[in-house]
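The opening position of the sequence shown corresponds to residue 30 in my numbering, with each subsequent residue numbered one higher.
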Amino acid sequence: MIFPTNLEEVAALIEDGKPTVFLFVTTWCGDCHYIKPHVPAIEEAFPDLRFVQLDRDDFMPLAQEWAILGIPSLVVLENGKEIGRFVDKNRKTKEEVMNFLSGLGR
């Protein structure tokens, strides 16, 4: 998991074109804490994807630009283009995230 500290670091991750899962969370979100223990297993199951965690409150302009309406939310980019998103206000289980990533059709 990569933890960028500024928008320049995020831009560099987008520009290199590698398939990347951006996981938006916050420190105060109960559903974010629910999925957090499962993230290492999810990362291990998808070694071809790079995982980046962003605190939505620290990256609010990006979250607004990408229409991150609920947390936790995932946006997947490849070659700078969105190839999938799992964005809603509901709790996400490990199985739901795994199914989402499996269904990207890559």
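We put the beta carbon where it would ideally sit given N, CA and C, even for glycine.
Take residue i and list the residues in its own chain whose beta-carbon comes closer than 6 Å to its own, dropping the five residues that flank it on each side.
i: D86; result: T55
i: C58; result: I100
i: A96; result: none
With 16 as the cutoff for other CB atoms within 10 Å, does residue i come out buried or exposed?
i: A92; result: buried
i: F115; result: buried
i: L83; result: buried
Going along the chain, which residues of its own chain have a beta-carbon closer than 8 Å to the beta-carbon of residue i, five neighbours each way excluded?
i: C61; result: V54, T55, I100, P101
i: V81; result: M30, I31, F32, P33, V39, L42, T49, V50, F51, L52
Hey, residue i and residue j are a contact pair by Cβ (cut 8 Å); roughly how many whole angstroms apart?
i: K118; j: I64; result: That pair is no contact at about 14 Å.
i: L133; j: G113; result: 5 Å
i: L78; j: L130; result: 7 Å
On the DSSP letters alone, give me the boundaries of the alpha helix (DSSP H) that residue i sits inside.
i: D60; result: 59-64
i: L91; result: 89-94
i: I71; result: 68-74
At what residues does the beta strand (DSSP E) containing residue i begin and finish?
i: L130; result: Not the beta strand (DSSP E): L130 falls in the alpha helix (DSSP H), residues 123-131.
i: L42; result: Segment 36-44 is the alpha helix (DSSP H) holding L42; no beta strand (DSSP E) there.
Q. So does the region 39-55 actually touch the region 94-106, counting three or more Cβ pairs closer than 8 Å?
A. As far as the Cβ criterion goes, the region 39-55 touches the region 94-106, which means the pair count is three or higher.
Q. So does the region 122-135 actually touch the region 69-77, counting three or more Cβ pairs closer than 8 Å?
A. The region 122-135 vs the region 69-77: in contact.
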